[in-house]
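Residue numbers in the sequence shown follow my numbering, run continuously in steps of one, and reach 269 at the last position. The block underneath contains the structure these notes are about, expressed in structure tokens.
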Amino acid sequence: MIHPLAVVDPNAKIGARVHIGPFCMVGPGAILADGVDLVSHVVIDGRTSIGEGTKIFPFATIGMAPQDLKYKGEDTETIVGARCTIREHATINRGTAPGGGITRVGDDCLLMTAVHVAHDCQLGNGIVIANNVVMGGHVEIADRAIIGGAAAIHQFVRIGQGAMIGGMSGVEADVIPYGMIIGNRARLAGLNIIGLRRRNIDHATIHHMRATFNALFRDCTHPFQERLKTLQSQPHDPHTTEILAFAANPGKRGLIRTTTTAADDAEG
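Encoded structure:
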């Protein structure tokens, strides 16, 4: 159903059972899959695809031009997956040509009020982002991460699978999978044990992950890279292996460490 007070370009592609409420604006490059629900006052701009069953609340804007002075109107894209919930005043900007041209949000994500997803960000599946979170361009957030309210994420930061970012944290470097981050500037406080238990990771695996975490981030008797190399030479479960592989391949922003290993930050 399209409300008579909505403005929908005739070139937009609208699936079955789509609801477009009053005062929504849907541009010519929009693709709305079956069952999409635009409650009211939603703007869908640019070349933007919204996945099946996604619900978008009032005053959210999806696919608007990136907040990047280098952007010159290139034909870039925004993709939002299926079964997402995007709450009031959230903004998702389209990509830029130098950044790959696509801003992407995966399936089953919850973006709460006033979340800002900047150009070229890549969000996985099942992510929960609380109110007023802001992220710079090119941020990568892996599956099932949780971002606490009012956190700020620096451009190019990578956040690993299952990580937990505490509210009001200032995140300026990469976060290991299953890591728990708190503070401004944020530091690595431990593993997201509650999240691991919710995923039914067995006790023995969690114990091994915690022991490996302590050996890597809290044992200061040897340099960080030496500790990492030693741990990588040992057998591990897949979750621990994922943490070590992430730590061994930091992105442009480097790796967030714990408060007890701050001296390691300069090692590179």
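Quick reminder that beta carbons are idealized off the backbone N, C-alpha and C, glycines included.
From the options, pick the residue whose C-alpha is nearest to that of residue i; which is it?
i: Gly138; options: Lys253, Ile3, Thr231; result: Lys253
i: Arg219; options: Ala164, Met26, Ala205, Leu192; result: Leu192
i: Cys116; options: Asp109, Asp108, Val129; result: Looking at the sequence provided, one finds Val at residue 116 rather than Cys. Checked all of Asp109, Asp108, Val129; the closest Cα to Val116 is Val129.
i: Ile183; options: His120, Ile154, Lys230, Ile207; result: Ile154
i: Gly64; options: Arg84, Gly54, Leu33; result: Leu33
i: Gln156; options: Ile166, Ala131, Leu197, Val140; result: Val140
i: Glu328; options: Ile57, Pro29, Pro99; result: An answer regarding residue 328 cannot be provided, because it is not within the stretch 2 to 269 covered by the chain.
i: Asp69; options: Pro59, Thr97, Val106; result: Thr97
i: Gly163; options: Ala152, Arg200, Ile51; result: Arg200
i: Lys230; options: Phe247, His240, Pro239; result: Phe247
i: Val158; options: Ala131, Val176, Arg105, Gly167; result: Val176
i: Pro59; options: Gly82, Phe24, Ile93; result: Phe24
i: Ala91; options: Val134, Arg105, Ser234, Phe225; result: Val134
i: Ser41; options: Pro236, Met26, Gln233; result: Met26
i: Tyr72; options: Val43, His120, Gly107, Glu227; result: His120
If we ignore side chains and look at the alpha-carbon of each, how far apart do residue i and residue j end up?
i: His209; j: Asn215; result: 10 Å
i: Gly101; j: Thr77; result: 9 Å
i: Asp38; j: Leu256; result: 39 Å
i: Ala174; j: Arg186; result: 10 Å
i: Pro178; j: His4; result: 44 Å
i: Glu53; j: Arg84; result: 6 Å
i: Ala7; j: Gly47; result: 17 Å
i: Gly30; j: Thr49; result: 6 Å
i: Gly180; j: Asp10; result: 44 Å
i: Arg211; j: Ile45; result: 44 Å
i: Leu245; j: Val118; result: 28 Å
i: Met2; j: Ile80; result: 22 Å
i: Ala205; j: Lys14; result: 50 Å
i: Thr241; j: Asp203; result: 13 Å
i: Thr114; j: Ile87; result: 8 Å
i: Pro236; j: Pro251; result: 22 Å
i: Asn12; j: Ile160; result: 37 Å
i: Pro99; j: Thr222; result: 42 Å
i: Leu111; j: Thr213; result: 31 Å
i: Gly82; j: Thr104; result: 11 Å
i: Asn132; j: Ala190; result: 22 Å
Please classify residue i as buried or exposed, where buried requires at least 16 other C-beta atoms within 10 Å of its C-beta.
i: Ala264; result: Note on Ala264: pLDDT 34, under 50, position unreliable in the model; no value is reported.
i: Ser170; result: buried
i: Ile195; result: exposed
i: Arg249; result: Checking the sequence shown, residue 249 turns out to be Ala, not Arg. Looking at its Cβ environment, which holds fewer than 16 other Cβ atoms inside 10 Å, Ala249 is exposed.
i: Gly74; result: exposed
i: Asp109; result: buried
i: Asn94; result: buried
i: Glu243; result: buried
i: Asp266; result: Any reading at Asp266 needs caution, since the residue's pLDDT is 37, under 50, leaving its predicted position unreliable; the model's value is listed next. It is exposed - the Cβ of Asp266 has fewer than 16 other Cβ atoms within 10 Å.
i: Arg198; result: exposed
i: Pro67; result: buried
i: Gly269; result: At Gly269, the pLDDT of 33 sits below 50, so the modelled position is not reliable and the matter cannot be decided from this model.
- Enumerate, from N- to C-terminal direction, the unbroken beta strand (DSSP E) stretches of 3 or more residues contained entirely within the stretch 69-125. List check, beta strand (DSSP E) in window: 78-81, 92-94, 103-106.
- Query: Do the stretch 114-126 and the stretch 142-150 meet, that is, are 3 or more Cβ pairs less than 8 Å apart?
  - Reply: Yes: at least three Cβ pairs fall under 8 Å.
- Is there contact here, the stretch 2-21 with the stretch 29-44, by at least three beta-carbon pairs under 8 Å? Yes, the stretch 2-21 touches the stretch 29-44.
- Message: Quick check for students: name the residue ranges of the alpha helix (DSSP H) that lie wholly in the stretch 177-209, counting only runs of 4 or more.
- Response: Entirely contained in the stretch 177-209, the alpha helix (DSSP H) runs reaching 4 residues are, in chain order, 194-199.
- Item | Uninterrupted beta strand (DSSP E) stretches inside the stretch 4-49 (no shorter than 3 residues) | 31-33, all fully within the stretch 4-49.
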